[in-house]
Each structure stands twice: as structure tokens, then as C-alpha cells.
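Student: Here it is, the structure, as C-alpha cells.
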Amino acid sequence: MKAIITFIIVLLCFSYRLNAQNRVIYGRVIGDVDLEPAIGIVIENNDHVRLGQTGMDGRFKISVPQNTERLSFGYIGYERLNIKLTGDCDTLEVVMMESGTHDFESSRKIDKERLKQFNALAGLHLQAYHKGLFTKPAACYSTEFVPEKPALDSIQKESDKETRRVKRIFEKLNIGDTVKIPLFIPYGRKSADTVNVSYYSRYVRGIKFDGIITGIIMSKNRHRRGFHLVFKITDCNLRKQTVVFEDRVMKIGEVFTCNMGYFKILNE
61 MKAIITFIIV
71 LLCFSYRLNA
81 QNRVIYGRVI
91 GDVDLEPAIG
101 IVIENNDHVR
111 LGQTGMDGRF
121 KISVPQNTER
131 LSFGYIGYER
141 LNIKLTGDCD
151 TLEVVMMESG
161 THDFESSRKI
171 DKERLKQFNA
181 LAGLHLQAYH
191 KGLFTKPAAC
201 YSTEFVPEKP
211 ALDSIQKESD
221 KETRRVKRIF
231 EKLNIGDTVK
241 IPLFIPYGRK
251 SADTVNVSYY
261 SRYVRGIKFD
271 GIITGIIMSK
281 NRHRRGFHLV
291 FKITDCNLRK
301 QTVVFEDRVM
311 KIGEVFTCNM
321 GYFKILNE
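Right, here's the structure in full:
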């Protein structure tokens, strides 16, 4: 009996010491567009270990070691936010930048727009305080703007390289050549007797396709960044089902157009 009591006391002491080494952080996260609670935001440490996530009201509670200096907040639809904690910052009130689309804009212009959005966060924090959403008029942590230009320029460089490769393949193809074009089935687009398909992106390096169609090139043309192949289907290895693409049934003898600027072909 004494041994059991001693074990319990040791266990309680160990648990107390363990908890004493941690700090509990409470907080709330909102979006910068409408100041509404940001739901499902995942909170991680420097090692990408998940610590918790926000609830339906945007609030969270996490326990971290006392020496934790940085946290990361992120979820689909929001730009990732990395913050640096201070010693007395146990209540984190965060305004997250909602991610936007920047079609046909240079990386420099994109960062300019993002920086403007980032610089507005302090004012939005104050607005949230006046509306009763936050308990403090300013954040107790620090964060820095992270330009996306280097990453975007690298992506563009790879895209340009891929475009040149596709151009070389396109120029070698001739009318009458046979091409094989891979397909994939988007999630939830399959039934017992019908399957809706899409072309497999040229940017995907995978080789496991849901299906392949074979066709003969009828004509080809290029305009803007497109490399268009008009082909007549000669075989479709998904023909045991009705295969639908862009509301048309894919079957032998049907003529379709594939833009190599976006979609993969296999006879490379």
C-alpha cells in the first residue's frame, strides 16, 4: 500500500514539473477581409509539429515549452503567418491575411499588393479591439513580411523551361502521327457506368494515370502560349464505361482538341 501511495506522489510531482516547464497560450484568429473568425487555422511550432487549431469562434488554446520562440499559423485560403513570441505574450490575437488571386501580374506587383495588405494588419487589429473581438489594441508578438517574388520567379523559370520543352515536342509532331494522352478522374466524378475525365496536367510528374486515350493528329496550330493538337480517337482504355470530357462522350472516331501548353502527352 505504501508503495502505491509513493508511486502516486512521484507521478503527481513529475506531472507538476512537466506542466511547470510549459506555458499555456490562449488566442483568437480572424480574417483581414471581414474580421470574421478564422476557423480551422492550424498552429505549429518550428519543427512543423501540430499544436492545435482554431474552433468555430476562431479561438484556440495550446501548451508549448517555455523556450518556444516562434509559432506558425496556416490553413487553406490564408497566407501562412510566422510570429515571434515575447516572454509575456500568452494571449495571441491574430489577423490573418486571406490569400488572393493575382492573374497575369508580375511577381513584383504581387508582392507590392501583398505588402500593402500586410501593412494594414495593425490597423485592422485596432478595429477588432474597438469592436470587442480582441482584448488588446495591438499585437504582443512580432512578424515580418515575407516576399514571394523569389519563389514566384523560380516557378516562372521552371514554367518557361517546360514551355520550351513542350514547344520542341510540338514542332516534331506531324499530321498523321499517333499520340497518347493520359486522363485522370476528378474526385467524385465516377459512377457505375459513366466516368467524367480531365486531361492530365503537363506539370505533374506522376506516371499513374486513370486512363489513356490514343488518337491520330488531324491538324495542329499554335497561338499565344497554346500548342493545340486536333486528334481523332482510335482507342480509349476506359471504353468499358461511358467516358465524358467537357460534356462530350469520348469514343472511337470522335475528334477532340488538346492544348499541349497545359496537358501532358506520352509519346515523348
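61 is the number of the first residue of the sequence shown in our numbering; add one for each residue after it. Note that beta-carbon positions come from the ideal geometry of N, C-alpha and C, so glycine has one too. All values reported here derive from a predicted model rather than from experimental measurement.
Does the beta-carbon distance from Ile277 to Asp220 come in below 8 Å?
Tutor: Not in contact: Ile277 and Asp220 (Cβ atoms no closer than 8 Å).
Student: Alpha carbon to alpha carbon, what distance is there between Pro242 and Ala180?
Tutor: In a straight line, the C-alpha of Ala180 is about 46 Å away from that of Pro242.
Student: Rounded to whole angstroms, what is the Cα-Cα separation between Pro197 and Glu165?
Tutor: The alpha-carbon atoms of Pro197 and Glu165 are separated by roughly 35 Å.
Student: For Ala211, which option in Arg168, Leu152, Val154 and Ser261 has the closest C-alpha, if you only look at C-alpha atoms?
Tutor: Measuring from the Cα of Ala211, the nearest candidate turns out to be Arg168.
Student: Excluding five sequence neighbours on each side, which residues of the same chain lie with their C-beta closer than 7 Å to the C-beta of Gln113?
Tutor: Excluding positions up to five away in sequence, the list reads Gly100, Ile101, Val102, Ile103 and Phe120.
Student: Taking just the CA atoms, how far does Phe269 sit from Lys232?
Tutor: Near 24 Å, if we compare the C-alpha coordinates of Phe269 and Lys232.
Student: Determine contact between the stretch 223-230 and the stretch 120-132, defined as no fewer than three beta-carbon pairs at a distance below 8 Å.
Tutor: The stretch 223-230, when compared against the stretch 120-132, does not touch it at the 8 Å Cβ threshold.
Student: Flag this pair as yes or no: are the beta carbons of Gly115 and Ile90 separated by less than 8 Å?
Tutor: It is not a contact, given that the beta carbons lie outside the stated cut-off.
Student: Hey, how far is the Cα of Asn234 from the Cα of His108?
Tutor: Cα-Cα distance, rounded: 50 Å.
Student: Can Met156 and Phe133 be called in contact, C-beta distance under 8 Å?
Tutor: Their beta carbons are under 8 Å apart, which means Met156 touches Phe133 by this criterion.
Student: Should the stretch 299-311 be regarded as contacting the stretch 255-265, the criterion being three or more beta carbon pairs within less than 8 Å?
Tutor: Output reads yes: the stretch 255-265 touches the stretch 299-311.
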